[in-house]
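Take a look at the structure set out below.
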Amino acid sequence: MNTMKMLMAATVALTMGAAATAAAQPPAASTPAPAARLNPNTATAAQLGAVPGLTPALAAQIISKRPFKSASEFNAVLSPSLTPAQLATIYPRVFVPVNLNTGTREDILLIPGMTPRMVREFLEYRPYTSLDQYSREMAKYVDATEVARLRSYVTLN
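For the sequence shown, my numbering gives the first residue as 5, with consecutive numbering after it.
Have a look at this one:
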């Protein structure tokens, strides 16, 4: 019984140590985790206002223009007020997911880091039947980390 308690205590200590280490690691500055990205169709004014570069007035404008059917519609609201550099810092944090089967070339190009070659690859494999199919096709051209990053910007809904 004492051995079991010691084993459990060691497991808890290791788990807590790993959690502390993970918490101490800063997130990648260029691309936040997919869960950190807000969908402007569902984000609250407070969530939008907390995004660097989005003023309360712009957050209110976003909310008033909802729902956005595409990334291009969302871009049309932001681009008159923001520079391309500002948009490049906002889109990793707030983005309308691009439907793999219906998104336009313009929608796909709005995905941060997208290139014209990758747009061709997106379009070439349509129609997609699953996100796994999409991941397999993209893995032919980019590494697993980039596949995961790109996948976080797309949907089949």
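Idealized CB from N, CA, C, for every residue including glycine.
Source: prediction; values computed, not measured.
Check                                                                                       : Outcome
Buried or exposed (CB count within 10 angstroms, at least 16 for buried), R153              : buried
C-alpha distance - G53 paired with P60, whole-angstrom precision                            : 5 Å
Member of R155, V151, D111, I115 whose CA lies at the smallest distance from the CA of S76  : D111
Alpha helix (DSSP H) runs wholly inside the stretch 68-129, at least 4 long, in chain order : 75-82, 88-94, 109-113, 120-128
Secondary structure of P30, DSSP reduced to three states                                    : Note that P30 scores 38 on pLDDT, short of 50, meaning its location in the model is unreliable; the coordinates nonetheless yield the value given after this. Coil.
The stretch 118-130 / the stretch 87-94 touching (three or more Cβ pairs under 8 Å)         : no
Heavy atom of the ligand MN within 6 Å of D147 beta-carbon                                  : As presented, the structure is devoid of all ligands, the ligand MN included, so that no description of it is given.
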